[in-house]
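See structure below.
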Amino acid sequence: MSALLDVSGLTVEFATRRGIVKAVRQVDITVAKGETLGIVGESGSGKSVTSYAVMRILDRAGRIAEGAISFSGLELQDAPESQMVDLRGREMSMIFQNPRAALNPIRRVGEQIEDVLRQHAQAGSADAREKAIDALRQVRISRPEERYRAYPFELSGGMCQRVVIALALACRPKLLIADEPTTGLDVTTQKAVMDLIVELTRERGMSTILITHDLGLAATYCDRVVVMEKGEVVESAPAAEIFSAPKHPYTRKLVRATPRPGIALRDLLPDDRPAPPPQSAPVADAGAPLLTVSGLVKEYPRENGNIISRLLRPAQAQEAPFRAVDGISFEVRRGESVGLVGESGCGKSTTSMMLMRLLDPTEGMITFDGENIGAIPAKEFARNPMRSRIQMVFQDPTDSLNPRYTAARAIADPLLRFANHGLNLRSRVEELAQLVGLPLELLDRFPHQLSGGQKARVGIARAMALEPDLVVLDEPTAALDVSVQAVVLNLLADLKAKLGMSYLFVSHDLHVVRLVCDRVIVMRGGRIVEQGSAEQVLEAPKADYTRELIAAAPHPPVQGG
Amino acid sequence: MLKVLFGRILTTIPALIGVVVVSFLLTRVLPGDTAAYFAGPAATPQAIEEVKKKLGLDRPLPEQFRRYVVDLSHGDLGQSLTTGQPVVADLKARLPASAELTLFGLILSLLIAVPLGILAAVKQGSFIDHACRAIATAGVSLPVFFTGLLLVYLFYFIWQISPAPLGRLDVFASAPPTVTGFYLIDSLLARDWEAFRSSLAQLALPGITLAIFSLAPIARITRASMLAVLSMDFVRTARASGLPARKVVMTYAFRNAMLPVITTLGMVFSFLLGANVLVEKVFAWPGVGSYAVEALIASDFAPVQGFVLAMAILYIALNLMIDLSYRLIDPRLESTT
Amino acid sequence: MSAAQEGAVVRAPSRLSGLLATLGHARYVIGGNPVTGFAFILLGILVICAIFGPWIAPFDPLASDTMAKLQPPTWRHWFGTDALGRDIFSRVIVAARLDLTIAVTSVALVFAFGGLAGIAAGFFGGWTDRIVGRIADTIMAFPLFVLAMGIVAALGNTVTNIVIATAIINFPLYARIARSEASVRREAGYVMAARLSGNSEWRIALTTIMPNILPIMMVQMSLTMGYAILNAAGLSFIGLGVRPPTPEWGIMVAEGAGSIISGEWWIALFPGLALMLAVFCFNLIGDGLRDIVDPQRRT
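Protein chains in written order, with the working numbering: chain A, 1 to 561; chain B, 1 to 337; chain C, 1 to 299.
In structure tokens form, the structure reads like this:
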């Protein structure tokens, strides 16, 4: 196989307010004809910048400082823009994260494909429409003639990504660069999109670069994987070897931190930091029900336009309200950790908001320690003593910290409302910081002066401050890099063992749920599809949907831990 | 589309009700002796009593409001003491002059500001970008009546290339036969080149004054929204699929960037209709603004009220048009009425 | 909870270092943008004129001198004299107080009422939101300057009423900004976290939402200050509010308007320039403050 793309010694600089920053340093990458290459790295590793440099679409602050980019014999690093315009879309094309934003919101998707076809003289005005519809058909869009006339806002996220793929492949390029193509999509959609990309590119003998933060995804779909850290390539190896025999310490850390079947929570941590498995403190009446949910329903009225259009519409046309949560029942026992799993829109977040008493249910009971807290309006619950016993860790650690509070003030907030007056606040806050492993000197910093992992620790310390009985963890690691996720998950497990509370762990990631939870509840369309012990649900699922979910999660070629 | 149009017209009803209520409040309820206002400064106590009876001010408020609305629906805004004419007739006669001036200024400023904003955004950091930012900041700081006077001094007094700032036509030209009420258009229709030249010469300075005034907000928002759109993901997609810079800027970025600009036009109209009053005073322009100012000075209250109400209704209509044209560009709003 | 207890959590050095960081950033922005520095100097001059104007002015701004009427600028009368022989330089300086007072009072009024109404509307939603929204919409249905004319004409021709009218026409702007900022934050993670900590809704609105919105509102204040000055000057230009012979920039331009055609440019020019510089200064400061508060929204 000969190289289609050969990048050597690539250095990319950005002019910023703090001077010149080298985002990518001396990177060498080759892609053979027909090969699928994965570029893996955490945020800020320079993986996307590298691909933008290849396409020469760096924004105006960035420039290629050094190095050569050779693409089927052409030197791209200083090719004239007119030549690049010709190559882009015809010889090399790109698909992006967040497909809905990647399409022009006010132009029909068919016209957007036509624009590209016409630009590269692949179609004239006579057959452009036909060819655009054909491009849509190729990416398995049903009723392509109808979709041709659709605007992006009328299509689902997965469907938009198919359109973006159709756009990228319309002119049959030789190289496709996919930049986090499935981030933000549900796991079943992710599988469908990835399968489609692999199938179409293999069929046409194309080369593909898959840029992702997910080592598991890269190892599943790629021939070879390049690992980047802080702007440099640290390792390049065949996909089969990267999990079994990672060479570079950073790769080893990444591999270990990637949740996958057949390992324990402790295996996520780097091997140079051995930790004893969490020692479970005996929980008083462990196994007794703490929270019982029965027949819980949340309805939202459908948006029916303004008053006037509502008045004009006949009464029977008023649609039935939308049921975000449709009659679910389950329980969480003392000292137990329960996973609530499902794809976006399944009602898991609405459920957790109701349990947290931030949202009032339409019907049903929420019984906490014998009292129906569902009957207390959310507005009044803030003053209820029960408030201190149910706490929450939020999805986005940045968004959940008041930018005007220091870490110490944030952690102290619940104490200021609920703790008795004699308490020495500062020493209690320091105690909590030590508990979650937050260095004390960081306590007087503001959120923007802390890293993602540190902010996550502040959020956890705040949730633990009142020693609650139940903590709802709402995708607590979804916004974190995988190595930070490993540490945070272990911290949460340790805290639970030490303090003996119950967790309700809301997540879309089955691998993570398997590591953390005793029992699992699978939701879809506002209903519970299946519930049972983690082992039983994940190893021997009963419902088809659970099986589909498990099959859709990437299965990297693993060899244990 | 007809249904959308109908639906949009219905949504202006709350605004219209609000406007009528506020103008009723301004007329009748606020402190100060309304009857004395309406009777004029030279009125005798008997005359005031008479006016009070005539206006129904001795009746309870709801009854007064009912009569106010009934009068309005007959197009009755009262009599002007200064001209002796019904206010509605006065406004109708003077409105074309104001409309011609405002539209001329707006079109002039759109023609300059929109391309300027686009160029500034596309060539960010260049000379033209700095020029655009300077104009945007300096332009909003200029008091419109001051700009007008400055232009008069330069073009009329110093360089003498402009006619005296008195009205829509110079004294020797006669008005073209009325078709639209816009002298520029009417004189073209009548092929009266002398009247066209004269009215254009008279319109130029006040028009430029208004254009300078509205240039700044339009250029500023065009530049800002263009910059925002250019950094969006779909522009990157368009570039990555090899569309040339012209196509990316005009078809992809510009149409999207126009949406905030159109929204801002509502605000610009609000400013323009206000600035119009000042410019008409400076240039002795026989429009509704100078009519209201003259009435104010003579403490003639009915024309002022009529003017405020008429401007508000006009402004609501303009906003309705802006809203509809927004919907023509943005398909996302089509599904919602 | 007591303030002392809260103070015990937040160590003094953190407050100080936070302040220092903000000041450092401010210095960085001003250093990078000398125009903002210039604007602050201009503001200083304006404030000095407003406070000490009557003592700085070389002549009595009201004293007419028929011997010296309509004089172009000279060493004795820097800005010349008007039709009554009054010294324009003195009048321009003394007028600063009135113009700034009108602007500051009206902006302060609308900041308090509009800001609070907007926060309540955005944070509590429901009928609060509907009422505030309806009031704002009704005001916005008028061309703003025209509405101000109507209000002053109806309430009576006084300076106080100019202040009230200017505040009323700015109400929708403040209410809307505060509303949208508050409603964005209503579902923010840290607001939910504050609820979990047992804070009541009112406490969250006042201690969590308000401090986070304040910087954005301050920028708005600076930007509308210029607009308030222009608005007041425009009203007095058409004979509303301030009455002659009180020195005020708008009315001084109006007094000079007639003489422009006969070539006496100085009567209108200098008060006009003063007006322009004052507005310019507030706009520049507003832009500069926006860069400090919100670097992303630079334009």
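All C-beta atoms, glycine included, are put in the ideal place defined by N, C-alpha and C.
Since the structure is predicted, the reported quantities are computational estimates derived from the model, not experimental observations.
query                                                                                                                                                                                                         : result
Have a look at A:323, A:292 and A:286 and flag the residue whose alpha-carbon is nearest the alpha-carbon of residue 299 of chain A.                                                                          : A:323
Taking C-beta pairs closer than 7 Å, name the residues in chain C that residue 382 of chain A reaches, listed in chain order.                                                                                 : 195, 198, 199 and 200
Keeping to the same chain, check which residues put their C-beta closer than 8 Å to that of residue 45 of chain A; ignore five residues upstream and five downstream.                                         : 228, 229, 230 and 231
Quick one: list the residues of chain B neighbouring residue 147 of chain A, beta-carbon separation under 9 Å, in chain order.                                                                                : Near residue 147 of chain A there are no residues of chain B at all, since even the closest Cβ is about 14 Å away, more than 9 Å.
How should residue 182 of chain B be labelled, buried or exposed, when 16 other C-beta atoms within 10 angstroms of its C-beta is the threshold for buried?                                                   : buried
I'd like to know whether the C-beta atoms of residue 212 of chain A and residue 176 of chain A end up nearer to each other than 8 Å.                                                                          : no
So, residue 94 of chain B versus residue 242 of chain B, is the Cβ gap smaller than 8 Å?                                                                                                                      : no
Candidates C:169, C:90, C:101 and C:286: which alpha carbon is nearest residue 137 of chain C's?                                                                                                              : C:169
Got a sec: which bits of the region 397-421 of chain A sit with their beta carbon under 7 Å from any beta carbon on chain C, in order along the chain?                                                        : 399, 400, 401, 402, 403, 404, 406, 408, 409, 412, 413, 414, 416, 417 and 418
Going by C-alpha to C-alpha distance, which of C:261, C:196, C:165 and C:156 sits closest to residue 603 of chain A?                                                                                          : Here chain A has residues from 1 to 561 only, and residue 603 of chain A is not among them.
Compute the distance between the beta-carbons of residue 340 of chain A and residue 506 of chain A, then report whether it is under 8 Å.                                                                      : yes
In three-state DSSP terms, what is residue 119 of chain C?                                                                                                                                                    : helix
Just how far apart, CA to CA, sit residue 260 of chain A and residue 423 of chain A?                                                                                                                          : 44 Å
Hey, is residue 121 of chain C's beta-carbon within less than 8 Å of any beta-carbon in chain A?                                                                                                              : no
Note down, in chain order, every chain C residue with its Cβ under 8 Å from the Cβ of residue 379 of chain A.                                                                                                 : 201
Chain B partners of residue 138 of chain C, CB-CB under 9 Å?                                                                                                                                                  : 14, 15, 17, 18, 19, 21 and 22
In or out: residue 295 of chain C buried (at least 16 other Cβ within 10 Å) or exposed?                                                                                                                       : The predicted position of residue 295 of chain C is uncertain, since its pLDDT is 48 and thus under 50; a value taken from the coordinates is nonetheless stated next. Exposed, because fewer than 16 other Cβ atoms sit within 10 Å of the Cβ of residue 295 of chain C.
Taking Cβ positions, are residue 148 of chain A and residue 108 of chain A nearer each other than 8 Å?                                                                                                        : yes
Could you check whether the region 215-225 of chain B touches the region 259-272 of chain B, counting it as contact only if at least three pairs of C-beta atoms, one from each stretch, sit closer than 8 Å? : yes
Taking only beta carbons into account, state which residues of the region 24-51 of chain A come closer than 7 Å to chain B, listed in chain order.                                                            : none
Between the alpha carbons of residue 270 of chain C and residue 97 of chain C, how many angstroms are there, rounded?                                                                                         : 16 Å
Tell me whether the region 176-190 of chain C and the region 307-314 of chain B touch, counting them as touching only if at least three CB pairs, one residue from each stretch, are closer than 8 Å.         : no
Taking only beta-carbon positions, decide if residue 240 of chain B is within less than 8 Å of chain A.                                                                                                       : yes
Which of the three DSSP states, helix, strand or coil, is assigned to residue 92 of chain B?                                                                                                                  : helix
Work out the CA separation of residue 101 of chain B and residue 448 of chain A for me, nearest whole Å.                                                                                                      : 52 Å
Could you have a look at residue 405 of chain A and say whether DSSP puts it in helix, strand or coil?                                                                                                        : coil
Under a three-way DSSP split, which group does residue 481 of chain A fall into?                                                                                                                              : coil
Could you tell me which of A:483, A:463, A:482 and A:481 sits nearest to residue 474 of chain A, measuring between CA atoms?                                                                                  : A:463
Starting from residue 257 of chain C, find everything on chain B with Cβ-Cβ shorter than 7 Å and list it in chain order.                                                                                      : 149 and 282
Could you tell me how far apart the beta carbons of residue 510 of chain A and residue 553 of chain A are, in whole angstroms, since I believe they sit closer than 8 Å?                                      : 5 Å
For a quick check, are the C-beta atoms of residue 167 of chain A and residue 112 of chain A less than 8 Å apart?                                                                                             : yes
With DSSP as the reference, label residue 454 of chain A as helix, strand or coil.                                                                                                                            : helix
For residue 191 of chain C, which residues in the same chain have their Cβ closer than 8 Å to its Cβ, ignoring the five residues on either side in sequence?                                                  : 185, 204, 208 and 209
Using 8 Å as the threshold, is the C-beta distance between residue 226 of chain A and residue 39 of chain A below it?                                                                                         : yes
What first and last residue would you give for the beta strand (DSSP E) that runs through residue 470 of chain A?                                                                                             : 470-474
Among A:397, A:338 and A:359, whose alpha-carbon lies nearest the alpha-carbon of residue 519 of chain A?                                                                                                     : A:338
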